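Visitor: If you count by mature numbering (1 follows the signal peptide of the UniProt record, and there is no 0), then the sequence shown holds residues -15 to -1, 1 to 358, one letter each, in order. Even glycine gets a Cβ: it sits at the ideal position worked out from N, Cα and C. This one's a predicted model, so the numbers in the text were calculated from it and none came from an experiment. I'd like to ask you about the structure that follows.
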Amino acid sequence: MHLTSFILLASAVTGHVITERADNPYREKAYKAINKLQSFYNTPSPTPWSPGWWNSAQCLTLIADLRKQDNSAFMKKLTDNYAGVFDTVERDQAKDSNGALDYTAWFDDRLWWTIALIKTYDVTGQQKYIQSARRTFQRVAADTSRAPCGLLYNAYERVGRHSSAITTLLYIEAAALLAKRTPTQQKNYMDKARKQWAEVKNLILVDGYIQGDVLSQQSDGTCTNNYAHLTYQEGVAMAALVAMADVTGNQDLLNTAETIASKVLSGEHGFVVNGVAKEYCDDDFSCGGDVAQFKGILQRGVYTLWKVRPNAANGTIPDYLKFNADSIWNNNRGSGGLLGLNWSGPFKRPDGVDLQLATHSSATMALVYASLV
């Protein structure tokens, strides 16, 4: 079933904080999923939800995105005051002597946390979060460099270092978000964002959507693209374009984001199958703790675009998000409320805590963003 067959529902776009949403079944399901998410929560630790540092950043981001629009007693208890997740998670982070987060040497990990801290700042208005975000981004900007075939490196010199589409896309999003929130440095941040977007547009924006996650240099010096199709890259690309457009007012950036959304949601390129987000390793349950996180990030990007262009993708985004949430809840939920990998079902309990956290938090993201449209 393609998105065009969905019955379109009317949606109100509002910037107002929601106090209670007892009439919103998706919000109630999101609360239940967050309660289960908190069963993984273990502090003090730089990785409060998961052994994977970047996975924990997704947990903080989804909570911040919901708290921004939800002033309910449930969310206040979760996030507010000294013992809430916002203060606790930031306080427990490993930092360098300048205050930049540096728990791992992977630049994409640090950029995920940069964005999570910015989202937390947007909720709280507390300077410590935006200061940590700026310092972490500045450290990445100083330490990364362009790989021989283009795009930014994902790490310091080490095994596994390579040109990285996701690092580059996150760098763009983080730079643009910081530009909006740092008027005195806006040009500096946007120059960085524009430079990297030019790379992305030239190298991996193919036929209207992101194709490829690594550019490799061969022995003869030629460069090759693996043309990987990964849901989270499309999600981050949309979020990055929205962030740049928010600073510049450039509608062409939103047009590009809308084209990506339409391509992804069409079901023609493997990102969505029968209306439900799909990763290449879902059906045989072979995804590891990284890839299992990806689909929720796609939902975040789609939601981010919808906020500024509610009619994007022919107005199908609300129904797409809700359809996925329904499929997760009806077909991909185990005993005790754990949410699994394959959003179309059947549910299969993931092996190991890190994979369980990844599948559950990714699916929780889908429920959260469905509850916000």
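Roughly how many whole angstroms lie between the Cα atoms of F270 and L326?
Guide: Distance between the alpha carbons of F270 and L326 is about 7 Å.
Visitor: For D304, does the count of other Cβ atoms within 10 angstroms reach 16, so buried, or fall short, so exposed?
Guide: Label assigned to D304: buried.
Visitor: Would you kindly check if the distance between the Cβ of A225 and the Cβ of N158 is under 8 Å?
Guide: The displayed chain sequence assigns Glu, not Asn, to residue 158. Against a cut-off of 8 Å, the Cβ pair of A225 and E158 comes out as a contact.
Visitor: Less than 6 Å between C-beta atoms, sequence neighbours within five positions excluded: which residues of the same chain meet that for G274?
Guide: Closer than 6 Å at Cβ, skipping near neighbours: G37, D339, L340 and A343.
Visitor: Taking DSSP as the reference, what is the three-state secondary structure of S204?
Guide: Of the three classes helix, strand and coil, the one that applies to S204 here is coil, per DSSP.
Visitor: Taking only runs of the alpha helix (DSSP H) that begin and end inside the segment 105 to 145, which ones reach a length of at least 4 residues, in chain order?
Guide: Qualifying alpha helix (DSSP H) stretches, in chain order: 112 to 128.
Visitor: Quick one: what's got a C-beta closer than 8 Å to S130's C-beta in the same chain, skipping five residues either side?
Guide: The answer, listed in chain order, is L137 and Y138.
Visitor: Starting from D72, follow the alpha helix (DSSP H) in both directions and report where the run begins and ends.
Guide: Unbroken alpha helix (DSSP H) run through D72: V70 to R76.
Visitor: Among P31, A297, A49 and T121, whose alpha-carbon lies nearest the alpha-carbon of Y354?
Guide: It is A49 whose Cα lies nearest to the Cα of Y354.
Visitor: Would you mind working out which of C134, G319, A140 and A246 sits nearest A126, comparing C-alpha positions?
Guide: Checked all of C134, G319, A140 and A246; the closest Cα to A126 is A140.
Visitor: Would N309 pass as a contact of A262 if the rule is Cβ separation under 8 Å?
Guide: Yes. Within cutoff.
Visitor: By alpha-carbon positions, which one of L96, N83, W91 and T28 ends up nearest to D72?
Guide: Among L96, N83, W91 and T28, the Cα nearest to that of D72 belongs to T28.
Visitor: With 16 as the cutoff for other CB atoms within 10 Å, does D8 come out buried or exposed?
Guide: When all chains shown are included, D8 counts as exposed.
Visitor: Helix, strand or coil for K80, going by three-state DSSP, please let me know.
Guide: Strand.
Visitor: With a cut-off of 8 Å, does the C-beta of A213 fall near any C-beta of chain D?
Guide: Of the chains in the structure shown, none is chain D; there is only one protein chain.
Visitor: Return yes when the Cβ of I302 is within less than 8 Å of the Cβ of V257, no when it is not.
Guide: No, the pair does not count as a contact, with Cβ atoms beyond the cut-off.
Visitor: Using DSSP bridges, identify the partner residues of S148.
Guide: Answer is Y138, bridged to S148.
Visitor: Where do the N-terminal and C-terminal ends of the alpha helix (DSSP H) with N173 fall, by residue?
Guide: From DSSP, the alpha helix (DSSP H) with N173 extends over Q171 to L188.
Visitor: Helix or strand or just coil, what does DSSP make of A164?
Guide: DSSP places A164 in helix when its eight states are reduced to three.
Visitor: What whole-angstrom Cβ distance do K104 and T46 have, given they're in contact under 8 Å?
Guide: Between T46 and K104 the Cβ distance is about 5 Å, and since that is below 8 Å, they are a contact.
Visitor: So, I245 versus Y194, is the Cβ gap smaller than 8 Å?
Guide: Yes, the Cβ-Cβ distance between I245 and Y194 is below 8 Å.
Visitor: Pull the bridge partners of V227 from the DSSP assignment, please.
Guide: BP columns for V227 are empty, so no partner.
Visitor: So what's N309 in DSSP terms, helix, strand or just coil?
Guide: In the structure shown, N309 sits in a helix (DSSP, three-state: H, G or I).
Visitor: Can you give the beta carbon distance from Q278 to Q54, rounded, assuming they're within the 8 Å contact cut?
Guide: Between Q54 and Q278 the Cβ distance is about 22 Å, and since that is not below 8 Å, they are no contact.
Visitor: Quick check on G260: buried or exposed, where buried means 16 or more other Cβ atoms within 10 Å of its Cβ?
Guide: It is buried - the Cβ of G260 has at least 16 other Cβ atoms within 10 Å.
Visitor: With DSSP collapsed to three states, give me the class of W34.
Guide: The answer is coil: DSSP assigns W34 none of H, G, I, E or B.
Visitor: What number of angstroms, rounded off, separates the C-alpha of A351 from the C-alpha of E142?
Guide: Whole-angstrom Cα-Cα distance: 35 Å.
Visitor: Let me know if A348 comes out buried or exposed under the rule of 16 or more other beta-carbons within 10 Å of its beta-carbon.
Guide: When all chains shown are included, A348 counts as buried.
Visitor: Sorted by chain position, which residues of the same chain lie with C-beta nearer than 6 Å to Q171's C-beta, five sequence neighbours on each side aside?
Guide: Result list for Q171: A164, in chain order.
Visitor: Could you tell me how far apart the beta carbons of residue 387 and A85 are, in whole angstroms, since I believe they sit closer than 8 Å?
Guide: Any answer about residue 387 is impossible in this case: the structure gives the chain only from -15 up to 358.
Visitor: Please classify D87: does DSSP put it in a helix, a strand, or coil?
Guide: Three-state DSSP puts D87 in coil, outside helix and strand.
Visitor: I'd like the list of long-range same chain contacts for C134, defined as Cβ closer than 7 Å, with 5 residues on each side in sequence excluded.
Guide: So the qualifying residues of the chain are S148, L200, S201, Q202 and C208.
Visitor: Run the CB neighbour count on R76, radius 10 Å, all protein chains shown included, and call it buried at 16 or more, exposed below.
Guide: Exposed, because fewer than 16 other Cβ atoms sit within 10 Å of the Cβ of R76.
Visitor: CA-CA distance, E184 and Q218?
Guide: Near 15 Å, if we compare the C-alpha coordinates of Q218 and E184.
Visitor: Which of the three DSSP states is assigned to N66 in this structure?
Guide: It is coil, neither helix nor strand.
Visitor: Would you list the residues sitting across from T209 in a DSSP beta bridge?
Guide: Answer is S201.
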